[in-house]
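Chains as they are written, first to last, in UniProt numbering: chain L, 1 to 299; chain D, 1 to 258. Ideal Cβ placement from N, Cα and C applies to all residues, glycine included. Keep in mind the model is a prediction, meaning the values are calculated, not measured. Encoded as structure tokens, the structure appears first; notes follow it.
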Amino acid sequence: MGKTVLRLTDVQKSIGDKKIVHGLTFEVKEGEIYGFLGPNGSGKTTTIRMITGLISMTRGDIQICGHSIATEREKALMNIGAIVENPELYGYMTGRQNLMHFANMANHKVSKARIDEIVQLVDLGESIHAPVKNYSLGMKQRLGIAQALLHQPKVLILDEPTNGLDPAGIRKIREYLRELAQKEKIAVIVSSHLLSEIELMCDRVLIINKGTFIKEHNLHEKQAGEHRVQIKTKQTEGIDELIDCRIISDTSFEVTADEVEVAAIIAKLVSHNIAIYEVIPKQKTLEDEFLAITKGATS
Amino acid sequence: MINLIKNELMKIFVKKNVRVFLTVLLTLQVATAFILKNWLPPAERFSSYVTFSHLNFTITAMLVTIFSISLMVKSIADEFQQGTIKQLLIRPKSRVAILLSKYFAILITVVLFIVAALLVSMLVGGIRFGWTADNFTLSILLKIVMYEFVPIVFYITLAFMLVSLMTTTILPVTITMLIFLLQGNIVNIMTSLLKKYSDIFVFKHLSLRDLDANPLIGNGTNMLSEHFTLTTSFLYVVIHLLVMLVIASVVFKKRDIL
């Protein structure tokens with residue numbers, strides 16, 4: 001893995017007496033897509049606001065490419081491109097004017113060729129010359145990504161980037177973010193309250209709830225721990241005497257076992273002349289986990 | 001900073017209402033030449049393009065003040081309302097520079113409005129009333145214009161400070177407009193209540209032209225006591241401007257953008 005481009009150390013935010021984010025610590029490396037998952041109101045956007053310097057931290061530090069957002073704000077922001085909440089742009093200007101406007105705010109000159117390249121990339125075509133107020137939400141989202149990428153940042157932060165996009169659009173953005181991460185080594189941070197989206201897009205995911213770190217998880221690694229297999233047979237009566245299992249219904253039961261053990265179990269069943277119809281590996285999905293976490297936290 | 005000001009100017013001039021205002025302002029300069037000429041008794045008709053431009057300028061100054069107050073407030077409050085303030089403030093530019101670029105962009109716009117209006121009214125006045133000025137010369141007119149910039153800048157700065165503190169449109173516009181429109185009454189009340197101590201009130205220093213030695217510029221209505229000269233009075237206003245700019249910048253720098 002590449003070098004760390006974003007590091008949060010014990011970041012805390014309180015407004016008045018209310019703690020909104022409690023001591024978050026995590027790192028994001030270049031070239032990875034990092035998911036930021038939590039139910040609505042869990043402190044995702046607050047954290048993103050702190051990373052981008054829009055609000056102050058009560059405690060802790062955030063470093064972007066080695067520059068602290070609190071003490072070296074401009075150097076840190078040079079390396080960030082972001083959409084915070086909705087892609088808010090100037091409706092009375094054309095897409096291109098919007099891009100020119102934000103290009104003017106970069107620390108190095110953004111060439112006209114770069115702007116054309118970005119427009120091509122997000123596929124806005126001729127609509128780039130139309131006023132943004134006439135754009136669909138999907139087009140605004142794409143223009144938002146375009147303005148975030150203009151100055152070639154090292155870290156791209158997208159808050160709910162697929163909000164309001166149609167399935168084709170979501171897929172396109174997903175592929176595009178992949179490409180960005182792989183080819184240009186950009187670290188992409190995507191927040192979402194939708195697990196399925198994060199699972200499809202991200203390399204690693206951080207789950208937070210009520211401003212508290214719950215779990216960080218690598219989506220490429222198989223879930224450690226339980227390996228469960230569901231087996232369907234003609235009938236399950238008496239099987240629990242034969243092997244250690246949990247009967248689900250008349251025709252199916254579940255065992256906790258790894259690959260080798262499963263093979264042994266099947267051999268045993270066959271030797272007892274029990275017909276096996278189906279063997280289904282049951283992974284405890286992230287979704288179960290996510291639901292358990294959010295349910296446990298709200299009840 | 002220059003790029004930031006350019007951006008702000010682009011955002012000002014891309015809007016229709018600014019272009020409409022400029023058109024109305026310039027049309028007015030032409031229209032007065034035809035309307036007022038017939039209304040006024042012959043003695044008060046204009047002796048030259050300078051006196052004509054002077055009359056026009058008093059109208060222009062008022063319209064530009066009112067319009068620029070709302071322009072100033074909207075240029076900041078709209079960013080908060082549309083949420084674009086977030087996009088602005090995640091750029092590698094200091095917050096103070098971003099805020100002040102808006103202020104300077106409005107000042108530049110105001111200068112543009114006034115110069116354009118003056119040029120048009122002089123041209124129209126010259127054609128209609130002749131190019132030869134009497135003892136009310138062009139340099140006197142330009143001096144008056146310079147003096148009148150002081151209250152315009154003051155009210156823009158006041159609006160700028162208020163909107164930086166409140167980030168909404170209605171209250172800063174209302175407060176600034178009220179003070180601007182009631183300025184004369186405020187000064188009168190303060191003077192009669194506090195006598196000479198009312199000089200600490202900055203509103204009494206805004207009509208600097210009253211302190212000018214030339215009777216054609218100052219019209220003898222100086223309400224300030226003797227220890228204030230043109231220079232000290234001007235500096236007193238400048239100090240107020242600086243304080244307002246500092247307050248706006250400090251608050252804006254510390255603000256949490258939600």
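{"query": "Chain-order list of residues whose beta-carbon lies under 6 Å from that of residue 272 (chain D) (same chain, five-residue window excluded)", "result": "Outside the displayed span of chain D (1 to 258) sits residue 272 (chain D), for which this structure offers no information."}
{"query": "8 Å contact criterion, which residue 205 (chain L) and residue 159 (chain L) should meet: CB distance rounded", "result": "At roughly 15 Å, the Cβ-Cβ gap does not stay under 8 Å, so residue 205 (chain L) and residue 159 (chain L) are not in contact."}
{"query": "Beta-bridge pairing of residue 314 (chain L) - partner residues as DSSP gives them", "result": "Because chain L in this structure spans residues 1 to 299, residue 314 (chain L) falls outside the shown range and cannot be described."}
{"query": "C-alpha distance - residue 190 (chain L) paired with residue 44 (chain L), whole-angstrom precision", "result": "10 Å"}
{"query": "Residue 125 (chain D): first and last residue of the uninterrupted beta strand (DSSP E) it sits in", "result": "Residue 125 (chain D) -> not in any beta strand (DSSP E); alpha helix (DSSP H) instead, spanning 95-129."}
{"query": "For residue 94 (chain L), the residue or residues it bridges with in DSSP", "result": "L:131"}
{"query": "Option nearest residue 213 (chain D) by Cα separation, candidates D:203, D:151, D:231, D:204", "result": "D:231"}
{"query": "Chain D contact for residue 102 (chain L) (CB, 8 Å cutoff)", "result": "yes"}
{"query": "Same chain only: Cβ atoms within 6 Å of residue 227 (chain L), ignoring 5 sequence neighbours per side", "result": "258"}
{"query": "Per DSSP, the bridge partner or partners of residue 187 (chain L)", "result": "L:155"}
{"query": "Sufficient close CB pairs (3 or more, under 8 Å) joining the stretch 145-154 of chain D to the stretch 196-207 of chain D", "result": "yes"}
{"query": "Alpha-carbon to alpha-carbon, residue 107 (chain L) and residue 136 (chain L)", "result": "30 Å"}
{"query": "Contact check, residue 110 (chain D) vs residue 68 (chain D), beta carbons under 8 Å", "result": "yes"}
{"query": "Residue 248 (chain D) versus residue 164 (chain D): straight-line alpha-carbon distance, rounded", "result": "5 Å"}
{"query": "Three-pair Cβ contact test at 8 Å for the stretch 162-174 of chain L versus the stretch 240-258 of chain L", "result": "no"}
{"query": "CA nearest to the CA of residue 18 (chain D), picked from D:71, D:52, D:47", "result": "D:71"}
{"query": "Euclidean distance between Cα positions of residue 105 (chain D) and residue 104 (chain L)", "result": "15 Å"}
{"query": "Residues that DSSP places opposite residue 206 (chain L) in a beta bridge", "result": "L:36, L:216"}
{"query": "Delimiting residues of the alpha helix (DSSP H) encompassing residue 240 (chain L)", "result": "239-242"}
{"query": "Among D:251, D:20, D:9, nearest to residue 102 (chain D) - alpha-carbon criterion", "result": "D:9"}
{"query": "According to DSSP, residues forming a beta bridge with residue 81 (chain L)", "result": "L:156"}
{"query": "Residue 123 (chain L) - DSSP class collapsed to helix/strand/coil", "result": "coil"}
{"query": "Min CB distance residue 83 (chain D) to chain L below 8 Å", "result": "yes"}
{"query": "Neighbourhood of residue 253 (chain D) by C-beta, 7 Å cutoff - its chain only, sequence neighbours within 5 removed", "result": "95, 96"}
{"query": "Range of the contiguous alpha helix (DSSP H) that encloses residue 257 (chain D)", "result": "No alpha helix (DSSP H) contains residue 257 (chain D), which DSSP labels as neither H nor E."}
{"query": "Neighbourhood of residue 265 (chain L) by C-beta distance below 7 Å, restricted to the same chain and skipping five residues each side", "result": "243, 255, 257"}
{"query": "Contact list for residue 257 (chain D) against chain A, beta-carbon separation under 8 Å", "result": "Protein chains in the displayed structure are L and D, and chain A is not among them."}
{"query": "Per-residue burial, residue 53 (chain D) [other beta carbons within 10 Å of its own, 16 or more giving buried]", "result": "buried"}
{"query": "Burial state of residue 133 (chain L), where buried means 16 or more other Cβ atoms lie within 10 Å", "result": "exposed"}
{"query": "Anticipated Cβ contact below 8 Å, residue 208 (chain L) with residue 38 (chain L), distance rounded", "result": "4 Å"}
{"query": "Residue 128 (chain L) versus residue 5 (chain D) - alpha carbon distance", "result": "24 Å"}
{"query": "Cβ-based burial, residue 79 (chain D) [other Cβ within 10 Å; buried from 16]", "result": "buried"}
{"query": "Cβ of residue 74 (chain L) within 8 Å of any chain D Cβ", "result": "yes"}
{"query": "Identity of the residues DSSP links to residue 4 (chain L) by a beta bridge", "result": "L:29"}
{"query": "Same chain, Cβ closer than 6 Å to residue 43 (chain D), five either side skipped, listed in chain order", "result": "In this predicted model, residue 43 (chain D) has a pLDDT of only 49, less than 50, meaning its place in the structure is not dependable enough to derive any value."}
{"query": "Beta-carbon contacts of residue 272 (chain L) that lie in its chain and below 8 Å, excluding the five residues immediately before and after", "result": "242"}
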